[in-house]
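J.: One structure follows; several queries about it will come next.
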Amino acid sequence: MMRRGGASTAGYADRADAGHRLADELAEYAHRDDVIVLGLPRGGVVTAAAVAERLGVALDVFCVRKLGVPWHPELAMGAVATGGVRVLNRDVVEQLGISPAEVEQVAQRERAELARREATYRGDRPPAQLEGKVVILVDDGIATGATARAAVVAVRRHQPAKVILAVPVAPPQAVEEFAGVVDEMVCPLTPPSFEAVGRWYTDFRSVSDAEVRALLT
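Under full-length UniProt numbering, think of the first position of the sequence shown as 1, with each following residue one higher.
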């Protein structure tokens, strides 16, 4: 199921505002013990916390890291996620002639950062139990979709009952690409002239590790 459209073309005030809008779209999942909201760090955790609070359901973090092209780090060639998952965008890798060694070098660095974030955000808390649960994966937006796709692949390994991807904004083509990947996709804003995620927020300030920890505790 795909749900999109309805948000003002002006976008959102901030990540919490975006989370409240997503929660309105997900009202049928409110106050259910079998539902958990997973935020993708860092900004996605702020949005996820607003979703979980309004729905009255559990919140946790699910770590994923983009693999940036070596000479253009903002361009994603793939992503790594909790559980040893690595997803590559073969088109980007082949078109730019990125070697396996270059991919692995970036992947090693990002796996180290992934482990650091897991320890920082989770501490002694064990990972959330996802088997048989309705998992709502939340980020503050999608550009290429590489990180979200890696998160979906990783979550599927835990045999959830259902995987929902909820993001406030994404380009139309990215939304379409997830049609056969998740059970349900919620994206209120799909502007044809996308530009960047931050373009659709009035306040898109950076989120610190300390803020993420505070939201999770």
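Glycine is no exception: its CB is placed at the ideal position from the N, C-alpha and C atoms. Computed from a prediction, not measured in an experiment: that's the story for all the values here.
1) How is the alpha helix (DSSP H) around L189 delimited, first residue to last?
2) Out of curiosity, what's the CA-to-CA distance linking S8 and P168?
3) Contact criterion: CB-CB distance below 8 Å. Does L38 meet it with respect to chain D?
4) For A13 versus A50, is the C-beta spacing smaller than 8 Å?
5) Provide the residue(s) that pair with A81 in DSSP beta bridges, ordered along the chain.
6) Go to A128, then tell me how far its beta strand (DSSP E) extends in each direction, as first and last residue.
7) Going along the chain, which residues of its own chain have a beta-carbon closer than 8 Å to the beta-carbon of R156, five neighbours each way excluded?
8) Let me check one thing: in DSSP terms, what residues is V163 bridge-paired to?
9) Would you decide whether P160 is buried or exposed? Buried here means 16 or more other CB atoms lie within 10 Å of its CB.
10) For L59, list the residues DSSP reports as bridge partners.
11) Could you check where the alpha helix (DSSP H) with G19 kicks off and where it finishes?
12) By DSSP, does L215 sit in helix, in strand, or in coil?
13) Taking 8 Å as the threshold (C-beta atoms), are L55 and A48 in contact?
14) Can you tell me whether DSSP reads Y12 as helix, strand or coil?
15) Can you tell which of V212, R199, L26, G145 has its C-alpha closest to the C-alpha of L75?
16) Under the three-state reduction of DSSP, which class applies to L75: helix, strand or coil?
17) Once the 5 residues before and after C187 are set aside, which same chain residues still bring their CB inside 6 Å of it?
18) Give me, in chain order, the residues of the same chain whose beta-carbon lies closer than 6 Å to that of A18; leave out the 5 immediate sequence neighbours on both sides.
19) Would A81 and V135 be called neighbours here (beta carbons separated by less than 8 Å)?
20) Identify, in the order they occur along the chain, each residue of the same chain with its Cβ nearer than 7 Å to the Cβ of D91, setting aside the five sequence neighbours on each side.
21) Under the assumption that L40 contacts L137 (Cβ atoms under 8 Å), give the Cβ distance between them as a whole number of angstroms.
22) Classify A112: buried if its beta carbon has 16 or more other beta carbons within 10 angstroms, exposed otherwise.
23) Among R116, G141, V61, T147, whose alpha-carbon lies nearest the alpha-carbon of V87?
T.: Short version:
1) On the sequence shown, position 189 is the one that residue 189 refers to. From DSSP, L189 is part of no alpha helix (DSSP H); its letter is neither H nor E.
2) Residue mapping note: residue 8 aligns to position 8 of the sequence shown, counting from 1. Residue mapping note: residue 168 aligns to position 168 of the sequence shown, counting from 1. Unreliable positioning characterises S8 in this predicted model, as indicated by a pLDDT of 47, which lies under 50. The coordinate reading is nonetheless provided below. C-alpha separation (whole angstroms): 11 Å.
3) Here there is only one protein chain, and chain D is not present.
4) Looking up residue 13 in the sequence shown gives position 13. Looking up residue 50 in the sequence shown gives position 50. No, these two residues do not count as a Cβ contact at 8 Å.
5) Taking the first residue of the sequence shown as position 1, residue 81 is located at position 81. In the DSSP output, where bridge partners are listed per residue, A81 has V64, V85.
6) The count along the sequence shown starts at 1 and reaches residue 128 at position 128. Neither: A128 is in no beta strand (DSSP E) and is coded neither H nor E.
7) Counted from its first residue, the sequence shown places residue 156 at position 156. Closer than 8 Å at Cβ, skipping near neighbours: V163.
8) Residue numbering aside, residue 163 sits at position 163 when the sequence shown is read from its first letter. Note: V163 is bridge-paired with V135 in the DSSP secondary-structure output.
9) Reading the sequence shown from its first residue, position 160 is the one you call residue 160. By the 10 Å Cβ count, P160 comes out buried.
10) Position 59 of the sequence shown, counted from the first residue, corresponds to residue 59. L59 pairs with V37.
11) Counted from its first residue, the sequence shown places residue 19 at position 19. Note, G19: alpha helix (DSSP H), 15-25.
12) Here residue 215 refers to the residue found at position 215 when the sequence shown is read from its first residue. Helix.
13) Residue 48 sits at position 48 when you count from the first residue of the sequence shown. Residue 55 sits at position 55 when you count from the first residue of the sequence shown. Result no, Cβ atoms of A48 and L55 do not sit closer than 8 Å.
14) What you label residue 12 is simply residue 12 of the sequence shown in a count that begins at 1. In the structure shown, the three-state DSSP call for Y12 is strand.
15) Your numbering for residue 75 matches position 75 in the sequence shown. Considering only alpha carbons, the answer is G145.
16) Along the sequence shown, read from residue 1 onward, the residue named residue 75 stands at position 75. DSSP places L75 in strand when its eight states are reduced to three.
17) Your numbering for residue 187 matches position 187 in the sequence shown. Once the five neighbours on either side are set aside, the close Cβ partners of C187 are R4, V167, A170, V175.
18) Here the question's residue 18 lines up with position 18 in the sequence shown. Taken in chain order, the residues that qualify are Y12, T47, P168.
19) The sequence position of residue 81 within the sequence shown is 81, counting from 1. The sequence position of residue 135 within the sequence shown is 135, counting from 1. No; because the gap between Cβ atoms is not below 8 Å, this pair is not in contact.
20) In the sequence shown, residue 91 corresponds to position 91, counting from 1. So no residue of the chain qualifies.
21) In the sequence shown, counting from the first residue as 1, residue 40 sits at position 40. In the sequence shown, counting from the first residue as 1, residue 137 sits at position 137. So it is a contact: roughly 7 Å between Cβ atoms.
22) For the purposes of this step, residue 112 is identified with residue 112 of the sequence shown, where counting begins at 1. By the neighbour-count rule (16 or more Cβ atoms within 10 Å), A112 is not buried but exposed.
23) Counting from 1 along the sequence shown, the entry for residue 87 is found at position 87. Ranking R116, G141, V61, T147 by CA distance to the CA of V87 puts T147 first.
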